[in-house]
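Report on one structure; see the data block that follows.
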C-alpha cells in the first residue's frame, strides 16, 4: 500500500509538471529565467549549434517533464519504487544530455556526407558565375540541411561585414567535421595563392570520394579480423559453459572459492586486453 501511495505521488508530480508546461509555461519560464545562466552556458550552445528551435528555458522545462516521466516509468516497470526512482533519476538526468551529444555526432556525419556533393555544386556554379558567395548561395538553394544551415550562417556573417576567408575559418571552427575542414582549408589556400577555384573544388570532391572508397575497402578487409577478435573474446565463456554442462563439479570451484574468483578475474582482464589490442591493431585511420 505504501509503495502504491509513493507511485501515485510521483505520478501526480509528473502531471503537475506537465500542466505547468502546458498551462503555465510562460510563468514557469519566467521563473526559470532568473536562474538560467549556468544552464544556458551548458545547453544553450548545444541547442544553437544543432539549430533546434527550442530555447534553453523551454528545454529545461522539457527536461523536468522527462525526469519525472523516467522516474514514474522505471518505478512501474521495475516494481520497486526506491530502485526505480534511482534508475529513473539517472536516466532523467543523463537522457537529454545524451540526446544532444548523439544528435551532434549524427549532424557531423551528415555534413561529412554532404561535402562532396556541395563541392560539385559550387564548382559548377563558379564556372558560370566566378563569385564564391554566389556559388555558396546556389549550393544552399540546391541542397538540404544540415550543411546548408552552416553555409547560411557563413553568408550572414559575410553580409554583415566579416571577410569571406574569416567567415570560412569561423565555420571550420564551429563545425569539426573532417571533410568540411579539409574542404575549407583547401579553399582558403586556393584563394590565398590565387588558384583555380573550380578545379580546387572538384579536387576536394574527388579526394573525399576516394577517401570513402578506401574506407569501404578497409572495412571489408578488417571485417574478418574484427570477427576473430569477438570470437576469441567469447570463446573462454563458451568453453567454461561447455565444461559446466559436461562436469559441473569440475567448474564449480571457480565460482565458489577465493582462488577461483582470482582466476576468473585475471582471465577476464587478460581476455579484455586481448580483444582491445586486436581491435586496435586492425583499426586503420584514413
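Numbering (full-length UniProt numbering), first residue to last: 1 to 286. All residues carry an ideal CB built from backbone N, CA and C; glycine is no exception. Every value quoted in this text rests on a predicted model; they were computed, and no experiment measured them.
So residue i is in the alpha helix (DSSP H); what residue range does that whole segment cover?
{"i": "residue 145", "result": "Taken as a continuous stretch (DSSP letters only), residue 145 belongs to no alpha helix (DSSP H), as it is neither H nor E."}
{"i": "residue 174", "result": "164–174"}
{"i": "residue 267", "result": "258–282"}
{"i": "residue 47", "result": "45–49"}
Report the option in the options whose CA atom is closest to the CA atom of residue i.
{"i": "residue 223", "options": "189, 110, 282 and 266", "result": "282"}
{"i": "residue 151", "options": "139, 85, 160 and 161", "result": "139"}
{"i": "residue 230", "options": "272, 91 and 196", "result": "272"}
{"i": "residue 69", "options": "53, 84 and 57", "result": "84"}
{"i": "residue 143", "options": "131, 128, 191 and 110", "result": "110"}
{"i": "residue 370", "options": "100, 146 and 212", "result": "This structure gives no information on residue 370, because the portion of the chain shown stretches from 1 to 286."}
{"i": "residue 266", "options": "192, 236, 219 and 246", "result": "236"}
{"i": "residue 179", "options": "245, 148, 211 and 249", "result": "211"}
{"i": "residue 72", "options": "89, 246 and 175", "result": "89"}
Once the 5 residues before and after residue i are set aside, which same chain residues still bring their CB inside 8 Å of it?
{"i": "residue 209", "result": "116"}
{"i": "residue 104", "result": "46, 49 and 50"}
{"i": "residue 154", "result": "136, 167, 168, 170 and 171"}
{"i": "residue 240", "result": "251 and 254"}
{"i": "residue 133", "result": "155, 158 and 164"}
{"i": "residue 188", "result": "165, 168 and 169"}
{"i": "residue 127", "result": "198"}
{"i": "residue 130", "result": "197"}
Report all residues from its chain with a CB closer than 6 Å to the CB of residue i; omit the five preceding and five following residues, and keep chain order.
{"i": "residue 108", "result": "177"}
{"i": "residue 275", "result": "229 and 233"}
{"i": "residue 91", "result": "70"}
{"i": "residue 269", "result": "none"}
{"i": "residue 123", "result": "198, 201 and 202"}
Given residue i, which residues of its chain have a CB within under 7 Å of its CB, disregarding the five upstream and five downstream residues?
{"i": "residue 203", "result": "none"}
{"i": "residue 87", "result": "74 and 78"}
{"i": "residue 263", "result": "254"}
{"i": "residue 24", "result": "The predicted position of residue 24 is uncertain, since its pLDDT is 47 and thus under 50; no value can be drawn from it."}
{"i": "residue 102", "result": "none"}
{"i": "residue 149", "result": "51"}
Contact criterion: CB-CB distance below 8 Å. Does residue i meet it with respect to chain C?
{"i": "residue 244", "result": "In summary, chain C is missing from the structure at hand, where a single protein chain is found."}
Any heavy atom of the ligand COA closer than 7 Å to the CB of residue i?
{"i": "residue 268", "result": "This structure lacks the ligand COA, and indeed carries no ligand of any kind."}
Are three or more beta carbon pairs between the stretch 61–70 and the stretch 94–114 nearer than 8 Å?
Short answer: they touch.
Given 8 Å as the limit, is there contact between the stretch 272–281 and the stretch 222–240, that is, 3 or more CB pairs closer than that?
Verdict: yes, contact present.
Jot down the residue ranges of each uninterrupted alpha helix (DSSP H) in the stretch 193–256, minimum 4 residues, whole runs only, in chain order.
Within the stretch 193–256, the complete alpha helix (DSSP H) segments at least 4 residues long are 197–246 and 248–256, listed from N- to C-terminus.
Can you check the stretch 54–124 for any alpha helix (DSSP H) of at least 4 residues that lies completely inside it and give the ranges in chain order?
Qualifying alpha helix (DSSP H) stretches, in chain order: 56–78.
Validate contact between the stretch 180–192 and the stretch 112–131 using beta carbons, cut 8 Å, 3 pairs:
The stretch 180–192, when compared against the stretch 112–131, does touch it at the 8 Å Cβ threshold.
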